[in-house]
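A.B. asks: Start counting the sequence shown at 19; every next residue gets the next number (this note's numbering). Just so it is clear, CB atoms sit at the ideal spot from N, CA and C, and this is done for glycine as well.
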Amino acid sequence: MSPQTLTMLEALRAGMAHMLETDDSVVLMGEDVGRSGGIFRTSTGLAQRFGGNRVIDTPLDEKGIVAHAIGMALYGLRPIVEMQFSGFIHDAFEHIMFCAARYRWASGGQYSCPLVIRSPSFGGIKGGFWHSQSAEAYFFHHGGIKVLSPSTPEDAYRMMIAAVQDPDPVLLLEPVPLYRSMSAEFETDGAPAEFGEARIVRPGADATLLAYGPIVHECERVADTLAASGGAEVEVIDLRSLMPYDVETILASVRKTGRVVIAHEAPVTMGFGAELAAVLQEKAFGYLRAPIDRVGAPDVPYHFSIGDEMYRPTASNIRAGITRVTEFAF
C-alpha cells in the first residue's frame with residue numbers, strides 16, 4: 019500500500035472508513051454526521067458509502083445520543099459518537115462516566131461497552147465559550163475510560179482505529195485547530211496505535227517539556243528557537259495517550275534533564291499537569307533540580323472578552339516556564 023498525504027480531518031475520516039468497512043458492528047452517530055458530513059465535514063461521504071443504517075443522523079441531544087450508543091454497545095455494536103464540540107459533552111457526562119465507564123466493573127467483567135466518543139477540542143478557532151474547551155480533566159478521576167489526544171494526522175488515523183477496536187469506552191480528543199492546517203504522508207494500512215505510549219518529539223538534555231494536542235507543535239517551535247539561539251536544549255514529549263499515560267518515558271527524560279515544564283491549554287488548577295507533577299514528585303524527586311513548572315490557561319472560563327491569544331499558552335509563556343526551571347538555583 020502506497021503512502022497517502024492526509025490532513026488531520028482526512029486521517030480521522032480514513033480511520034472511521036477503515037473500521038466501517040472491516041467491521042460490520044461499527045456505526046457512526048451524531049448530529050449531522052450523515053448527509054452533511056458533520057459540522058466540520060469530518061465524515062463527508064461516509065453515509066453515501068455505508069448507508070443510513072451505519073452512519074446515523076441524530077437529534078440535537080448529546081445525552082440521548084450517548085445513551086442510545088451505550089445500549090447499542092452492550093448488545094454487540096461498536097458505536098462511534100461525535101460531540102460537535104467538547105463544550106457540549108457535559109450534558110452526556112453521567113451516561114459516559116457513570117454508565118459506559120462502569121459496566122465492565124459493575125458486571126464483574128461479564129459485559130463491556132465498546133464506545134468511542136469523538137470530542138473536537140481545544141481553542142485557537144475564535145469559538146469562545148462553548149466551542150474552545152479542554153475538558154479532558156473531568157474524565158480522568160473516575161476510571162474505566164481511556165483518553166487519547168493526537169497531534170499528528172497519522173496518530174489521528176491510528177488512534178481512531180485503536181479506539182474502535184478497544185472493548186471499553188475511549189474518549190478521543192480531536193484537535194480542531196489542526197483539522198485542516200496540518201497534513202502528513204503515511205500508510206493507511208489499518209494498524210492501530212498503542213495505548214500508553216508517549217513520543218519524544220525532540221531530544222534534549224537541559225529540560226523536559228511535556229504537552230499534548232495542538233500545543234505540542236508550539237512547544238517544539240519554542241525548543242527549536244531556544245536551541246538555535248544557543249539556549250537550553252529542551253526535550254519535548256508528546257504524551258499522546260493521557261489515560262493510560264507513559265510514566266516510564268516521562269521518568270527517563272526527567273532523570274536525564276532534572277527540570278520539567280508541563281504545558282496544556284486547560285486551566286492550570288486541577289488540570290492534567292497537576293497529576294503529572296504529583297507523579298514526578300513522587301517517583302523522581304531525587305532527580306529534580308528545580309520546582310516543576312506548569313503553563314496553562316487562567317482559572318476562568320474561555321471567553322471572547324480575553325481572546326484566544328490571552329487564554330491559550332503562547333510561545334512567550336512556554337519560554338518563560340523553561341527559563342524559570344533552567345535558571346532556578348537552590
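Using 8 Å as the cut-off, can you tell me whether the stretch 247 to 267 makes contact with the stretch 122 to 140, which would need three or more C-beta pairs spanning the two stretches below that distance?
C.D. replies: With a cut-off of 8 Å, the stretch 122 to 140 and the stretch 247 to 267 do not count as touching, because too few Cβ pairs lie within range.
A.B. asks: Give a yes or no on contact between the stretch 20 to 28 and the stretch 193 to 204, applying the rule of three or more CB pairs nearer than 8 Å.
C.D. replies: Yes, they touch.
A.B. asks: Buried or exposed: which applies to Gly89, given that a residue is buried once 16 or more other Cβ atoms fall within 10 Å of its Cβ?
C.D. replies: For the purposes of this step, residue 89 is taken as the residue at position 71 of the sequence shown. So Gly89 counts as exposed.
A.B. asks: Taking the C-alpha atoms as reference points, what is the distance between Val343 and Ala225?
C.D. replies: Taking the first residue of the sequence shown as position 1, residue 343 is located at position 325. Taking the first residue of the sequence shown as position 1, residue 225 is located at position 207. Val343 and Ala225: Cα-Cα distance of roughly 8 Å.
A.B. asks: State the beta-bridge partners of Asp311 as determined by DSSP.
C.D. replies: Taking the sequence shown and counting its residues from 1, the one referred to as residue 311 is at position 293. Asp311 pairs with Val279.
A.B. asks: Just list the beta strand (DSSP E) runs in the stretch 75 to 157, keeping only unbroken ones of 3 residues or longer that don't cross its boundaries, in chain order.
C.D. replies: Correct list: 96 to 100, 134 to 139.
A.B. asks: When the Cα of Leu38 is compared with those of Val194, Thr243, Ala65, Glu49, which residue comes out closest?
C.D. replies: The count along the sequence shown starts at 1 and reaches residue 38 at position 20. The residue with the shortest Cα to Cα distance from Leu38 is Ala65.
A.B. asks: Suppose you measure from the CA of Leu269 to the CA of Leu298; what does that come to, to the nearest Å?
C.D. replies: The residue you call residue 269 lines up with position 251 of the sequence shown. The residue you call residue 298 lines up with position 280 of the sequence shown. Their backbone Cα atoms lie some 7 Å apart in a straight line.
A.B. asks: Taking 8 Å as the threshold (C-beta atoms), are Phe58 and Glu27 in contact?
C.D. replies: Position 9 of the sequence shown holds residue 27. Position 40 of the sequence shown holds residue 58. In the sequence on display, residue 27 carries Leu and not Glu. Cβ atoms of Leu27 and Phe58: closer than 8 Å.
A.B. asks: With Ile74 and Met47 assumed to form a contact (beta carbons below 8 Å), what rounded beta-carbon distance in angstroms separates them?
C.D. replies: In the sequence shown, residue 74 corresponds to position 56, counting from 1. In the sequence shown, residue 47 corresponds to position 29, counting from 1. Correct: roughly 5 Å between the Cβ atoms.
A.B. asks: Taking only the alpha-carbon atoms, compute the straight-line gap between Met328 and Gly94 and give it to the nearest angstrom.
C.D. replies: For the purposes of this step, residue 328 is taken as residue 310 along the sequence shown, with counting starting at 1. For the purposes of this step, residue 94 is taken as residue 76 along the sequence shown, with counting starting at 1. Near 46 Å, if we compare the C-alpha coordinates of Gly94 and Met328.
A.B. asks: Of all the options Asp79, Asn71, Val272, which has the alpha carbon lying nearest to the alpha carbon of Pro377?
C.D. replies: Lying before the first or after the last residue shown, residue 377 is absent from the chain, which here runs from 19 to 348.
A.B. asks: Determine the direct distance from the alpha carbon of Arg176 to that of Pro210, and round the result to whole angstroms.
C.D. replies: On the sequence shown, position 192 is the one that residue 210 refers to. On the sequence shown, position 158 is the one that residue 176 refers to. When rounded, the distance between both Cα atoms is 4 Å.
A.B. asks: Please identify the residue among Val318, His282, Pro138 whose C-alpha is closest to the C-alpha of Asp311.
C.D. replies: Within the sequence shown, numbered from 1, the residue matching residue 311 stands at position 293. The shortest Cα separation from Asp311 among Val318, His282, Pro138 belongs to His282.
A.B. asks: Check whether the Cβ of His235 lies closer than 8 Å to any Cβ atom in chain D.
C.D. replies: Here there is only one protein chain, and chain D is not present.
A.B. asks: Since Pro181 is in the alpha helix (DSSP H), which residue starts that stretch and which ends it?
C.D. replies: Walking along the sequence shown from the start, residue 181 turns up at place 163. At residue 181 the sequence reads Ala, which differs from the Pro that was named. Segment 171 to 183, the alpha helix (DSSP H) holding Ala181.
A.B. asks: Do Asp186 and Cys131 come within 8 Å of each other at the CB atom, strictly closer than that value?
C.D. replies: Against the sequence shown, residue 131 aligns to sequence position 113. Against the sequence shown, residue 186 aligns to sequence position 168. Their beta carbons are under 8 Å apart, which means Cys131 touches Asp186 by this criterion.
A.B. asks: Under 6 Å Cβ to Cβ from Thr206, same chain only, skipping five residues before and after it: list those, please.
C.D. replies: As a working mapping, residue 206 is identified with position 188 in the sequence shown. Within the same chain, Thr206 has close Cβ partners Gln22, Ala32.
A.B. asks: How would you call Glu112, buried or exposed, if buried means at least 16 neighbouring beta carbons within 10 angstroms?
C.D. replies: Here residue 112 is taken as the residue at index 94 of the sequence shown, counted from 1. Glu112 should be labelled exposed.
A.B. asks: Mapping DSSP to helix, strand and coil, what is Pro195?
C.D. replies: Walking along the sequence shown from the start, residue 195 turns up at place 177. The answer is helix: DSSP assigns Pro195 an H, G or I state.
A.B. asks: Look at the alpha carbon of Val182 and the alpha carbon of Gly55, and state the distance between them as a whole number of angstroms.
C.D. replies: Taking the sequence shown and counting its residues from 1, the one referred to as residue 182 is at position 164. Taking the sequence shown and counting its residues from 1, the one referred to as residue 55 is at position 37. About 19 Å.
A.B. asks: I think Gly162 touches Pro193, with their Cβ atoms under 8 Å apart; what is that distance to the nearest whole Å?
C.D. replies: What you label residue 162 is simply residue 144 of the sequence shown in a count that begins at 1. What you label residue 193 is simply residue 175 of the sequence shown in a count that begins at 1. Contact flag wrong, Cβ pair sits at about 24 Å.
A.B. asks: I believe Arg258 touches Ala216 by the beta-carbon criterion, under 8 Å. Please report the beta-carbon distance rounded to the nearest angstrom.
C.D. replies: Position 240 of the sequence shown holds residue 258. Position 198 of the sequence shown holds residue 216. At roughly 6 Å, the Cβ-Cβ gap stays under 8 Å, so Arg258 and Ala216 are in contact.
A.B. asks: Give a yes or no on whether the C-beta atoms belonging to Val165 and Glu154 are separated by under 8 Å.
C.D. replies: The residue given as residue 165 occupies position 147 in the sequence shown. The residue given as residue 154 occupies position 136 in the sequence shown. In contact: Val165 and Glu154 (Cβ atoms closer than 8 Å).
A.B. asks: Looking at C-alpha atoms only, which residue of Gly291, Gly339, Leu190 is the closest neighbour of Ala387?
C.D. replies: Residue 387 lies beyond the residue range present for the chain, which begins at 19 and ends at 348; the question has no answer from this structure.
A.B. asks: With a CB to CB cut of under 6 Å and the five nearest residues on each side skipped, what residues in its chain are close to Leu133?
C.D. replies: Your numbering for residue 133 matches position 115 in the sequence shown. Correct list, in chain order: Ala87, Ala91, Pro97, Ala118, Pro187.
A.B. asks: If we ignore side chains and look at the alpha-carbon of each, how far apart do Phe106 and Ala315 end up?
C.D. replies: Residue mapping note: residue 106 aligns to position 88 of the sequence shown, counting from 1. Residue mapping note: residue 315 aligns to position 297 of the sequence shown, counting from 1. In a straight line, the C-alpha of Phe106 is about 20 Å away from that of Ala315.
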